[in-house]
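Q:
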Amino acid sequence: MVLQYGRGTVMAERLIGSLIYGEHEAPKPRRSWKERWKVPAIIAVALLLIAGAAYKFANYREESQVRRFLEDVRSGRYEDAYARWDASGGGYTLDDFLDDWGKDGYYTEGMTSAAVIDSNNAGSSVIVYVQVDSYKEPIALRVDKSSLRLSFSPVNKYEGRKR
Numbered sequence: 001m002v003l004q005y006g007r008g009t010v011m012a013e014r015l016i017g018s019l020i021y022g023e024h025e026a027p028k029p030r031r032s033w034k035e036r037w038k039v040p041a042i043i044a045v046a047l048l049l050i051a052g053a054a055y056k057f058a059n060y061r062e063e064s065q066v067r068r069f070l071e072d073v074r075s076g077r078y079e080d081a082y083a084r085w086d087a088s089g090g091g092y093t094l095d096d097f098l099d100d101w102g103k104d105g106y107y108t109e110g111m112t113s114a115a116v117i118d119s120n121n122a123g124s125s126v127i128v129y130v131q132v133d134s135y136k137e138p139i140a141l142r143v144d145k146s147s148l149r150l151s152f153s154p155v156n157k158y159e160g161r162k163r
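Sequential numbering of the sequence shown, starting at 1, is according to my numbering.
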């Protein structure tokens, strides 16, 4: 007794017929290892590029704020630079700021260039490291993520290291 359920019978007859008479479909030729690794390698490279870009631009806003601060200091716009500083506690006045960042300040005496060299996330803030050519080690500046105000960081991973 043969039960016919639509196409099931036709498929079974074709399969049995191919086994009996040798009408087998030829298997697909196997791809070389270079072909098989092409797609995973492209995906891996793309993921590495995305991860690298994410690392490079993770603290872009905070680093840009520090670059603008340094540009204000280099250009002699000390009031604009001080406006970027977090002076909310009232303990760091404009005179104190000028002693540190003014024309002949502690960090800027003889300065011709300054650059952001590194940054690290630290909870609600980012620590941005600045290399001033006339200062012996990188300066750690803390940038608040919400207000983008600058202050000195209490931690500096470059402290005590030589350039």
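Built from N, CA and C at the ideal position, the CB exists for glycine as well.
Identify which residue in D99, N59, E62 has its Cα closest to the Cα of Y78.
A: As a working note, residue 78 is residue 78 in the sequence shown. Comparing Cα positions, the closest option is D99.
Q: Does DSSP put A58 in a helix, in a strand, or in coil?
A: Along the sequence shown, one-based indexing puts residue 58 at 58. A58 falls in the coil class under three-state DSSP.
Q: In chain order, what residues of the same chain have a beta carbon less than 7 Å from the beta carbon of F69, not counting five sequence neighbours either side?
A: Counting from 1 along the sequence shown, the entry for residue 69 is found at position 69. Result list for F69: A81, R84, L150, in chain order.
Q: Report the residue from S153, K157, V132 whose alpha carbon sits nearest the alpha carbon of G105.
A: By 1-based counting over the sequence shown, the position of residue 105 is 105. When each option's Cα is compared against that of G105, the closest is V132.
Q: Could you tell me which residues DSSP puts in a beta bridge with I139?
A: One-based indexing of the sequence shown puts residue 139 at position 139. According to DSSP, which records beta bridges pairwise, I139 is partnered with V130.
Q: Tell whether a beta-carbon distance below 7 Å holds between V116 and V143.
A: What you label residue 116 is simply residue 116 of the sequence shown in a count that begins at 1. What you label residue 143 is simply residue 143 of the sequence shown in a count that begins at 1. Cβ atoms of V116 and V143: not closer than 7 Å.
Q: For M1, count neighbouring C-beta atoms within 10 Å of its own C-beta (all shown protein chains included) and say buried if the count is 16 or more, exposed if not.
A: Against the sequence shown, residue 1 aligns to sequence position 1. Residue confidence is low: M1 scores 48 on pLDDT, short of 50, so the model does not pin down where it sits. No coordinate-derived value is stated.
Q: If we count the other Cβ atoms within 10 Å of its Cβ and call it buried at 16 or more, is E25 buried or exposed?
A: One-based indexing of the sequence shown puts residue 25 at position 25. E25 should be labelled exposed.
Q: When the Cα of S75 is compared with those of D118, T112, G123, which residue comes out closest?
A: Position 75 of the sequence shown, counted from the first residue, corresponds to residue 75. If we check each option's Cα against that of S75, T112 comes out closest.
Q: According to DSSP, is A26 part of a helix, a strand, or is it coil?
A: Position 26 of the sequence shown, counted from the first residue, corresponds to residue 26. Correct three-state label for A26: coil.
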